[in-house]
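Numbering (UniProt numbering), first residue to last: 1 to 125.
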């Protein structure tokens, strides 16, 4: 909820009440769909066209987004609009990345220790 509130304050999300059967629920839809599309395109390109095959050389924000998308169970949605062959390549590359040992990768440094710690925490749950 704190994260959603911060994103509302930054103008990324809005707050709406929606009725789901008997309950009113607060939802936080995206304000700017083009920003969401830009982010999806960035992740798709990073895995398909700018793939570095080594997480140490990957941009930290991109690595963090991939880990968070995986942890949020929306990683498949990121690649859903791709053609089947590109979808398979993207999913295989991210699977290989996410299957790496977080402790080994964190020990390599480069300021990604926290990202790998988050992945390790989600892998344990």
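Backbone N, C-alpha and C fix where the C-beta goes; we use that ideal spot for every residue, glycine too.
ask   = Can you tell me whether DSSP reads residue 96 as helix, strand or coil?
value = As a first step, residue 96 is located in the chain shown; it is residue number 96 there, counting from the start. Here DSSP, grouped into helix, strand and coil, assigns residue 96 to helix.
ask   = Is it right to say residue 23 is buried, meaning 16 or more other beta carbons lie within 10 angstroms of its own, or is it exposed?
value = As a working note, residue 23 is residue 23 in the chain shown. Looking at its Cβ environment, which holds fewer than 16 other Cβ atoms inside 10 Å, residue 23 is exposed.
inquiry  = Quick check on residue 114: buried or exposed, where buried means 16 or more other Cβ atoms within 10 Å of its Cβ?
reply    = In the chain shown, residue 114 corresponds to position 114, counting from 1. Exposed.
C-alpha gap between residue 80 and residue 92, whole angstroms = For the purposes of this step, residue 80 is taken as the residue at position 80 of the chain shown. For the purposes of this step, residue 92 is taken as the residue at position 92 of the chain shown. The straight-line gap from Cα to Cα measures roughly 14 Å.
query = For residue 63, which residues from the same chain have a beta carbon less than 7 Å from its beta carbon, with the 5 sequence-adjacent residues on both sides left out?
reply = Along the chain shown, one-based indexing puts residue 63 at 63. Answer for residue 63: 55, 112, 115, listed in chain order.
ask   = Who are the Cβ neighbours of residue 25 in its own chain at under 6 Å, not counting the five residues just before and after it?
value = Numbered from its first residue, the chain shown carries residue 25 at position 25. Excluding sequence positions up to five before and after residue 25, its CB lies within less than 6 Å of the CB of 18, all in the same chain and listed in chain order.
Run of the beta strand (DSSP E) containing residue 18, from where it starts to where it stops = By 1-based counting over the chain shown, the position of residue 18 is 18. Segment 16-20, the beta strand (DSSP E) holding residue 18.
task = Alpha carbon to alpha carbon, how far is residue 35 from residue 99? Give it in angstroms, no decimals.
result = The residue you call residue 99 lines up with position 99 of the chain shown. The residue you call residue 35 lines up with position 35 of the chain shown. Looking at the two C-alpha atoms, the distance is approximately 29 Å.
From 97, 68, 88, residue whose alpha carbon lies closest to that of residue 58 = As a first step, residue 58 must be located in the chain shown, where it is residue number 58. That would be 97, whose Cα lies nearest to the Cα of residue 58.
Environment of residue 94 [buried if 16+ CB atoms lie within 10 Å] = Within the chain shown, residue 94 is the residue found at index 94, counting from 1. By the 10 Å Cβ count, residue 94 comes out buried.
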